[in-house]
Each structure stands twice: as C-alpha cells, then as structure tokens.
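These notes concern the structure reproduced below.
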Amino acid sequence: MKTFKLGGVHPPENKLSEKAPIEVLAIPAVVSIPVSQHLGAPASPVVAKGDKVKTGQLIAKGAGFISANIHSSVSGTVVKIDDMPDSSGYRKKAIVINVEGDEWDEGIDLGSELVRECNLTPQEITARVNEKGIVGMGGATFPSHVKLMVPPGKKAEVLIINGVECEPYLTSDHRLMLEKADEMLVGITIQMKALGVTKAIIGIENNKHDAIEHLSYKVKDYPGISVEALKVQYPQGGEKQLIKALINREVPSGKLPIEVGAVVHNVGTAFAVYEAVQKNKPLMERVVTVTGKNLKKPSNFLVRIGTPVSELIEAAGGLPTDTGKVVNGGPMMGKAITNLEVPVTKGTSGILIFPEREAARKPVQNCIRCARCLNVCPMGLEPYLLSVLADKKRLEECEVERIMDCIECGSCLYICPSGRPLLDQIRVGKAEVGSMIRKRSQH
Amino acid sequence: MNEITLISVVSLGAIGSVAAIILYMVAQKFKVIEDPRIDIVADKLPGANCGGCGLAGCRALAEAIVKAESLEGMNCPPGGNEVMKDIAAALGLEAEEQDPMIAVLRCNGSRENSPPKVKYDSHMTCAFAHSLFAGEGGCPFGCLGCGDCVVACAFDAMYMDPATGLPVIIDDKCVACGACVKACPRSIIEMRKKGKKDRRIFVSCINKEKGGPAKKNCAVACIGCGKCVKECKFDAITMENNLAYIDFNKCTLCRKCVPVCPTNAIHELNFPPRKPKVEVAAETASE
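Residue numbers (the numbering used here), protein chains in the order written: chain A, 497 to 939; chain B, 24 to 310.
Printed below as a string of structure tokens:
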C-alpha cells in the first residue's frame with residue numbers, strides 16, 4: 497500500500513464520530529462573521545450597520561488577488577461591524593448579524609438533485625470559484641481560485657484530491673465522502689476542466705474502508721478519476737507528502753506543487769466548488785466535527801459560518817465538566833481557543849474537547865539526543881537543532897538548515913520523550929527567518 | 024662530538040633561520056596598524072558588551088568613536104556621563120551631557136487587576152505566547168509574564184514577581200542598555216528619563232483599544248477618557264488611539280494628572296507621600 501517514505505508518526509486514531517451522519521445545526525440567533533477567514537489580505541465589508549442582508553449575499557469583497565469574498569450565512573440585520581475577539585483573543589474585524597428568518601438570495605439553487613452538466617469555460621469556472629469565496633477547506637484556507645490558475649510556463653498534469661484526513665479525531669471529510677460522493681465527484685470533474693487535466697486521484701487513508709469502497713464504486717461513472725487507498729500515517733494530508741505518496745514525485749524546497757505538475761485540493765473544497773458552480777451557492781456553511789472522549793455525543797454538523805462554537809458543543813451534549821482544553825482543529829495541528837463564543841470560520845474542520853488529564857503538556861526535560869525527532873520529520877529536517885538555533889536567535893544558520901521547509905505538522909513535538917517544545921521554538925524562528933528574508937528581498 | 028649531532032644542529036638551525044625569515048616577511052606584509060587610541064577608549068568603557076550603545080559591544084563603540092573623531096550621537100548608557108567625559112578628555116573632544124535614562128514597565132495588568140481567564144502551559148517565552156494568543160488576562164497589549172525581558176537583562180536588574188506575574192525593574196541596577204525593550208514582543212518596556220531624584224510619572228498602560236473592551240480585561244487600563252490631557256498645563260500629555268502618553272521631556276513632575284485618572288493608570292514613582300488634604304476633607308464630609 498502506498499505512503500510517503502520519509503518520517504511520519506501514527507498517533508491513536510480516535511475517530512469517535514465516524515459513524516455519526518452529518519446533522520444540520522439550527523441557525524443561531526446572532527452570527528459574527530470575520531472578514532479574514534483565509535490566507536492573504538482581509539476582505540473589505542460592502543455592507544453597513546443597519547443593512548438588511550439575505551442568506552448568501554456578498555457582505556465583504558476580497559481585497560487583491562490572494563483574498564476571498566465573504567458571504568452572509570444567514571438573513572437578518574447587520575448590527576455592527578467591529579473588532580471582535582477571535583480564537584486567540586486578539587481582536588479582528590467581524591460583521592455581526594442578527595438573524596431574522598432564513599431568506600435566501602436570488603439565483604441560488606436549493607434543490608438537492610444532482611446537476612452533472614457543466615458548460616462553463618475554464619476561465620468562467622475560476623471566476624465563479626473566486627466570486628463565491630471558495631477557499632481550501634482542509635484548514636489552511638488558501639483561496640482556491642489561485643490554485644485553479646496554472647501559472648504561465650507551467651503545466652498541470654494531475655489533480656490530487658485530499659481525502660486523507662490524517663489528523664486523529666476529525667471525521668468531517670470522511671462523512672462528506674460518504675454522504676455527498678456524487679456532488680464531490682462532479683466538483684472534481686469541474687476542477688479538472690478548469691485545470692485542463694484528464695486525470696484525478698483521490699487519496700484516502702486505509703482507516704476509512706467504507707469511504708474507499710463507496711467512492712471506488714461511484715467513480716466508475718466519472719472518467720479520469722481514480723481512488724487510491726493509502727497506509728495510515730501522519731502527516732499524509734500535507735500537500736508534499738500526499739504528492740510523494742500518490743505519484744512518487746518530490747516538490748523541491750521552497751516550490752509549489754505545480755512545479756511537479758500536481759495540484760492538490762481537499763474533498764471539502766471539491767464539494768464547495770460543486771455547490772458554487774452548479775448551484776450558484778457561495779461558501780457560507782461547512783461540516784464541522786465536534787468530538788472528545790468525554791463528550792456525550794461526538795457529531796458531525798453542517799454549520800453556518802459565524803455560529804459560536806458554544807452552540808456546537810451544546811448540540812453535541814454540552815461541555816464535559818472535566819474539560820481541560822478546547823481545540824480548534826485536530827490534536828496535532830489545532831490551536832486551543834481562549835473563548836467559546838468565537839465563531840466557526842471557513843477553516844474550522846473540527847472542535848476537539850480534551851479532558852484535563854490529556855490536556856496538560858509533559859514537563860520539559862533535557863534533550864537526550866535520541867534522534868527520534870529526526871526519524872519522524874516528514875521534511876527530513878533536524879528539529880532538535882533547529883529549535884536550539886531558533887532559541888539562540890542564530891537565524892542565518894536556521895535558514896541554512898531549511899527552517900522554512902517546516903510544515904509545522906508537530907510530529908517532532910509528539911514523539912519527543914523529553915517533552916521539549918521543539919515545534920514552538922521552530923515556529924518562532926520560522927517567523928523571524930521569514931521576516932529576515934522579506935527584509936533582504938526589499939533591499 | 025659525533026657526526027649525527029652536527030648534522031642535526033646544522034640542518035635544524037638552517038630550517039629555523041629560513042622559517043624566521045618567512046615569518047618576518049609575512050608579518051611585515053600583513054601588518055595591521057591599529058589606532059592606539061582605540062585601546063585607550065576601550066579600556067575606559069565598562070566592558071559589559073551589553074549593546075546599549077546600539078553597536079555590537081564596547082570595542083565596536085571604541086572603534087566608532089575613534090573613527091568618527093567626535094562623540095556626537097555616541098553614548099554608553101551603563102557608563103553614563105562620567106565615562107563619556109573621561110573619554111572626551113582622553114581624546115580631546117567635547118561630550119554632550121545626556122540625561123540618565125531608566126527602563127519603565129508600562130503595564131500594571133497583575134493577576135489582581137487583570138484576572139487570568141485561561142491557563143497557558145505551552146512554551147514559556149513571550150515571543151511564542153505573543154504569536155499564539157492575547158494573554159491569560161485577555162489584554163492583547165498587556166504583559167504576557169513569561170519573562171523574556173528578565174532573560175535578556177545582563178545586569179540582574181529585573182526579576183519576575185510571582186505574586187503579580189509582572190517583571191520588576193530594580194532602579195539601582197538598571198543601566199538603561201535597552202536589552203529588555205528589544206526583547207519584549209509587545210514593546211511594553213520604555214526607556215524614560217530618570218528624572219530629578221529618580222522621580223517619574225508615566226501612564227502604566229499601552230492598550231490602544233476603546234475604553235469598554237480595555238476595561239473589560241483590566242481594571243487599571245487607560246480608557247482614553249482624556250481627563251489627564253485637560254489637567255496638564257504643560258502640554259506634556261497627548262492622546263492617540265485611545266491611549267494617553269506623557270512626554271518625559273515636557274513633564275514637570277507636578278503630578279496633578281495622577282489623581283484625576285479614573286482607572287489609576289498613571290503612576291508616580293519615588294515621590295514623598297501626598298499631604299492627606301483630600302482624605303481629611305472626605306472624612307469630614309462623611310461625618
């Protein structure tokens with residue numbers, strides 16, 4: 497069975513919610529929609545306080561090429577446009593809407609029947625994806641229209657669809673593949689048309705047997721698409737790791753996947769592209785896994801963007817009394833949130849509730865030079881060395897040791913028997929080296 | 024004397040003299056002529072290599088002074104005016120008098136004033152905590168309490184107070200080298216004029232949020248009400264982005280702004296206790 501060759505770990509999978517079908521969560525009374533839910537420049541609001549908005553209406557326009565439009569996820573009145581605390585506690589601009597009914601914007605097809613025919617040209621597809629604010633749904637939230645435009649001089653050969661979901665606990669992509677397979681496959685066909693490729697591979701880890709079986713059966717109707725089962729290993733969902741696993745090509749350091757003729761999209765993105773192109777529906781809701789060992793009812797919800805996290809937890813049985821940490825994302829790359837009133841955004845793939853016993857970090861001890869971090873690093877870096885260099889501010893040496901190649905997967909931190917803050921130090925160093933490189937290129 | 028001894032003495036002597044000639048020639052060819060004044064100046068500097076002058080270390084400052092042949096813009100904060108005068112005398116230059124400076128912590132978000140709402144147990148450095156979240160108290164401008172400034176201080180002039188979770192600056196030890204200012208990711212520490220008799224008045228807050236959110240996270244935040252600006256007769260206080268700032272060059276240390284601040288965000292240091300005029304008045308009123 498295929499997998500990537502370098503490094504990797506296999507944490508306990510804990511897919512508690514894999515059997516829970518996607519439930520539609522009730523619309524909350526108030527939503528708070530941040531204008532920066534994607535990588536790149538924040539969108540600029542096009543509505544004002546007191547305006548009436550409909551579900552699916554454009555409320556903030558993407559500023560620049562790498563940015564994304566934001567649409568209202570509810571119908572109601574804009575009560576304020578102000579800085580609201582996000583999951584880190586820092587205040588970011590958000591549009592707060594009081595919900596009144598659920599009236600949809602004209603032109604959005606709400607029917608559930610499958611539309612297979614797509615007569616748009618590749619440029620029209622990219623424009624539609626841009627207009628509807630589609631971003632990468634795997635968590636990195638990179639604007640999708642940018643990825644669908646092949647830069648001049650490069651040629652896309654294969655579209656890779658990421659159904660790996662290598663993060664433990666998370667099951668939103670898994671449920672989507674089971675329940676919306678046809679829509680997703682049409683979405684992939686549309687993306688293939690936009691990129692001008694004839695081949696697409698869906699990579700799925702071998703712990704999702706039902707999804708592999710279901711999709712292998714369904715793809716027979718869709719020429720050019722194939723399904724590949726992959727050995728369970730983290731971080732297989734990383735772009736570079738997935739390309740290596742599926743087509744055995746290596747993306748050079750500092751380059752994008754298009755360099756080796758590949759474009760990678762998440763299954764959630766494929767579904768969003770289907771809805772945008774075939775149903776004219778903007779990205780204003782997403783599937784979120786709410787899970788945790790002591791949670792009463794681990795679930796997968798279809799949630800309107802801007803819904804407070806507390807409502808999701810309430811719907812999943814309420815916050816357990818021994819909660820130590822609430823994490824936005826998976827256990828490996830997610831970030832603990834400081835406040836349960838923060839909204840669900842386009843990049844929220846899961847809400848994970850850790851009991852107190854599991855939330856605490858190991859006490860930090862001395863490095864015993866066991867080199868386990870070296871063995872598990874999927875980018876072939878030396879985390880023990882990078883962390884020390886970054887801590888001592890030896891930034892030039894960090895750059896030579898390829899700190900910018902770090903994908904921040906956290907495998908080193910997971911495996912370290914001494915509980916050293918390897919990734920934390922590398923992250924600080926990476927940010928500093930990044931700004932050093934930017935400064936240098938300005939001169 | 025046998026033959027072997029003779030051969031070895033002669034041959035080794037020959038090799039030695041050839042090597043000596045080569046070494047002499049190389050030494051002449053690559054001779055570095057250094058201004059002897061650099062050594063004189065370097066000897067007068069404290070030798071702590073703290074970087075407070077903005078250069079790599081004491082020797083770098085000495086080289087810069089000798090090269091520029093002037094003391095303009097050069098200052099050794101730990102050495103102070105005495106050292107600079109000494110150097111000026113040795114080089115026959117003029118040293119301008121500099122006001123002594125001191126590091127001032129512009130945050131009073133202690134555990135009591137800004138109670139922790141979440142617990143941080145990750146990597147204990149401010150640089151990382153700053154990139155992760157707003158802080159345990161919730162103020163995105165306030166002190167994170169991981170002590171990057173204390174680590175940066177080469178003069179043992181700072182320590183973390185476990186009760187408040189804030190760093191404390193020891194006035195007698197601080198030499199104003201500025202290492203802590205650079206280390207703080209939130210620029211909370213400011214270099215301010217030491218003032219007459221070490222007396223200082225400053226706004227102990229750098230929160231630029233509006234009054235409501237600022238006060239929600241911290242009881243002693245500057246809420247930007249502007250009362251101090253109105254009270255100040257010397258135009259020393261300015262209001263920008265909901266935050267008052269006291270210009271230490273204009274401040275006359277009259278300390279009239281201190282009691283008008285509704286959140287007690289303005290601090291006075293090393294002043295004698297106020298005459299209890301106000302308190303007496305309050306007591307008689309209550310009677």
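Virtual Cβ for every residue (Gly too), placed ideally from N, Cα, C.
Let's see if you can read the secondary structure: which residues bound the beta strand (DSSP E) around residue 128 of chain B?
The residue you call residue 128 of chain B lines up with position 105 of the second sequence. Segment 124-128, the beta strand (DSSP E) holding residue 128 of chain B.
Short of 7 Å Cβ to Cβ, which residues in the region 837-867 of chain A face chain B?
856, 857
With burial defined as no fewer than 16 other Cβ atoms inside 10 Å of the residue's Cβ, what is the status of residue 581 of chain A: buried or exposed?
Here residue 581 of chain A refers to the residue found at position 85 when the first sequence is read from its first residue. Counting the other Cβ atoms within 10 Å of the Cβ of residue 581 of chain A gives 16 or more, which makes it buried.
Residue of A/895, A/899, A/512 minimising C-alpha distance to residue 918 of chain A
In the first sequence, the residue the question calls residue 918 of chain A occupies position 422. Out of A/895, A/899, A/512, A/899 has the C-alpha closest to the C-alpha of residue 918 of chain A.
Using a C-beta to C-beta distance shorter than 9 Å, which residues of chain B count as neighbours of residue 522 of chain A?
Along the first sequence, read from residue 1 onward, the residue named residue 522 of chain A stands at position 26. Near residue 522 of chain A there are no residues of chain B at all, since even the closest Cβ is about 28 Å away, more than 9 Å.
Looking at residue 570 of chain A and residue 800 of chain A, is the spacing between their C-beta atoms short of 8 Å?
On the first sequence, residue 800 of chain A is found 304 positions in, with the first residue counted as 1. On the first sequence, residue 570 of chain A is found 74 positions in, with the first residue counted as 1. Against a cut-off of 8 Å, the Cβ pair of residue 570 of chain A and residue 800 of chain A comes out as a contact.
I'd like to check one pair, residue 796 of chain A with residue 667 of chain A: are the Cβ atoms closer than 8 Å?
Within the first sequence, numbered from 1, the residue matching residue 667 of chain A stands at position 171. Within the first sequence, numbered from 1, the residue matching residue 796 of chain A stands at position 300. Yes, Cβ-Cβ distance for residue 667 of chain A and residue 796 of chain A is below 8 Å.
What's the call for residue 32 of chain B, buried or exposed, on a 16-neighbour Cβ count within 10 Å?
Your numbering for residue 32 of chain B matches position 9 in the second sequence. By the 10 Å Cβ count, residue 32 of chain B comes out exposed.
DSSP three-state label for residue 639 of chain A, please.
Position 143 of the first sequence, counting from 1, holds the residue named residue 639 of chain A. If DSSP states are grouped into helix, strand and coil, residue 639 of chain A belongs with the strands.
Between A/874, A/934, A/894, which lies nearest to residue 746 of chain A when the distance is taken from Cα to Cα?
What you label residue 746 of chain A is simply residue 250 of the first sequence in a count that begins at 1. With distances taken between Cα atoms, residue 746 of chain A lies closest to A/874.
Alpha carbon to alpha carbon, how far is residue 650 of chain A from residue 754 of chain A? Give it in angstroms, no decimals.
Reading the first sequence from its first residue, position 258 is the one you call residue 754 of chain A. Reading the first sequence from its first residue, position 154 is the one you call residue 650 of chain A. If I take the Cα positions, the gap works out to 7 Å.
Under 8 Å by beta carbon: chain B residues contacting residue 590 of chain A:
Locating residue 590 of chain A in the first sequence gives position 94, where the first residue counts as 1. Those do not exist, as residue 590 of chain A stays about 13 Å from chain B at its closest Cβ, beyond 8 Å.
Beta-carbon neighbours of residue 112 of chain B, restricted to chain A and to distances below 8 Å
What you label residue 112 of chain B is simply residue 89 of the second sequence in a count that begins at 1. Within 8 Å Cβ-Cβ: nothing; residue 112 of chain B doesn't reach chain A, min ~38 Å.
Quick check: is the beta carbon of residue 671 of chain A nearer than 8 Å to any beta carbon in chain B?
Reading the first sequence from its first residue, position 175 is the one you call residue 671 of chain A. No, no contact with chain B.
For residue 591 of chain A, which beta-bridge partners are listed by DSSP?
As a working note, residue 591 of chain A is residue 95 in the first sequence. According to DSSP, which records beta bridges pairwise, residue 591 of chain A is partnered with A/529, A/577.
Is the beta carbon of residue 639 of chain A sitting closer than 8 Å to the one on residue 564 of chain A?
Working through the first sequence from its first residue, we reach residue 639 of chain A at position 143. Working through the first sequence from its first residue, we reach residue 564 of chain A at position 68. Yes; because the gap between Cβ atoms is below 8 Å, this pair is in contact.
Among A/539, A/592, A/927, A/922, nearest to residue 802 of chain A - alpha-carbon criterion:
In the first sequence, the residue the question calls residue 802 of chain A occupies position 306. If we check each option's Cα against that of residue 802 of chain A, A/592 comes out closest.
Give the DSSP bridge partners of residue 540 of chain A, in chain order.
Position 44 of the first sequence holds residue 540 of chain A. Paired residue(s): A/557.
N- and C-terminal bounds of the beta strand (DSSP E) containing residue 214 of chain B
Locating residue 214 of chain B in the second sequence gives position 191, counting from the first residue. Its beta strand (DSSP E) spans residues 212-216.
8 Å contact criterion, which residue 164 of chain B and residue 209 of chain B should meet: CB distance rounded:
Within the second sequence, the letter at position 141 stands for residue 164 of chain B. Within the second sequence, the letter at position 186 stands for residue 209 of chain B. Right, the Cβ-Cβ distance comes to about 6 Å (below 8 Å), so this counts as a contact.
Thinking residue 702 of chain A and residue 497 of chain A are a contact (beta carbons under 8 Å), I'd like their distance in whole angstroms, please.
Here residue 702 of chain A corresponds to residue number 206 of the first sequence, with the count starting at 1. Here residue 497 of chain A corresponds to residue number 1 of the first sequence, with the count starting at 1. 6 Å between Cβ atoms; contact.
What do you get for residue 869 of chain A, buried or exposed, if any count of 16 or more other CB atoms within 10 angstroms of its CB means buried?
In the first sequence, the residue the question calls residue 869 of chain A occupies position 373. The residue in question, residue 869 of chain A, is buried, as its Cβ has 16 or more Cβ neighbours within 10 Å.
Residue-chain proximity (residue 931 of chain A, chain B), Cβ-Cβ < 8 Å:
Start at 1 with the first residue of the first sequence, and residue 931 of chain A comes out as number 435. Closer than 8 Å: no.
Tell me the rounded alpha-carbon separation between residue 935 of chain A and residue 892 of chain A.
Stepping through the first sequence from its first residue, residue 935 of chain A is reached at position 439. Stepping through the first sequence from its first residue, residue 892 of chain A is reached at position 396. Each residue's Cα considered, the two are about 13 Å apart.
Which same chain residues, not among the five before or five after residue 905 of chain A, have their C-beta less than 8 Å away from its C-beta?
As a working note, residue 905 of chain A is residue 409 in the first sequence. For residue 905 of chain A, where only same-chain residues beyond five positions count, the Cβ hits under 8 Å are 730, 731, 734, 828, 829, 874.
Unbroken alpha helix (DSSP H) runs of length 4 or more, entirely within the region 620-683 of chain A: which are they?
640-644, 668-675
Start and end of the alpha helix (DSSP H) containing residue 48 of chain B?
Translated into the one-based positions of the second sequence, residue 48 of chain B becomes position 25. Segment 26-52, the alpha helix (DSSP H) holding residue 48 of chain B.
Could you tell me which chain B residues have their CB closer than 7 Å to the CB of residue 586 of chain A, listed as they occur along the chain?
Taking the first residue of the first sequence as position 1, residue 586 of chain A is located at position 90. In chain order: 157, 163.
Compare the C-beta of residue 150 of chain B against all C-beta atoms of chain A and say whether one is closer than 8 Å.
Locating residue 150 of chain B in the second sequence gives position 127, counting from the first residue. Closer than 8 Å: yes.
Helix or strand or just coil, what does DSSP make of residue 795 of chain A?
In the first sequence, the residue the question calls residue 795 of chain A occupies position 299. Correct three-state label for residue 795 of chain A: strand.
Consider the Cβ of residue 174 of chain B: report whether some Cβ of chain A lies at a distance smaller than 8 Å.
What you label residue 174 of chain B is simply residue 151 of the second sequence in a count that begins at 1. By this cut-off, residue 174 of chain B is not an interface position.
Let's see if you can read the secondary structure: which residues bound the alpha helix (DSSP H) around residue 808 of chain A?
The count along the first sequence starts at 1 and reaches residue 808 of chain A at position 312. Note, residue 808 of chain A: alpha helix (DSSP H), 805-811.
For the region 911-930 of chain A, which residues have a CB atom closer than 8 Å to at least one CB atom of chain B, in sequence order?
Taking 8 Å as the upper bound on Cβ-Cβ separation, chain B lies near residues 917, 920, 921, 923, 924, 927 of the region 911-930 of chain A.
Kindly indicate the opening and closing residues of the beta strand (DSSP E) around residue 290 of chain B.
Along the second sequence, one-based indexing puts residue 290 of chain B at 267. Segment 289-292, the beta strand (DSSP E) holding residue 290 of chain B.
Integer Cβ distance of residue 240 of chain B from residue 168 of chain B, believed to fall under 8 Å:
Position 217 of the second sequence, counting from 1, holds the residue named residue 240 of chain B. Position 145 of the second sequence, counting from 1, holds the residue named residue 168 of chain B. About 14 Å; that fails the 8 Å criterion.
So which residues of chain A does residue 144 of chain B contact, with C-beta pairs closer than 7 Å?
Residue numbering aside, residue 144 of chain B sits at position 121 when the second sequence is read from its first letter. In chain order: 856, 857.
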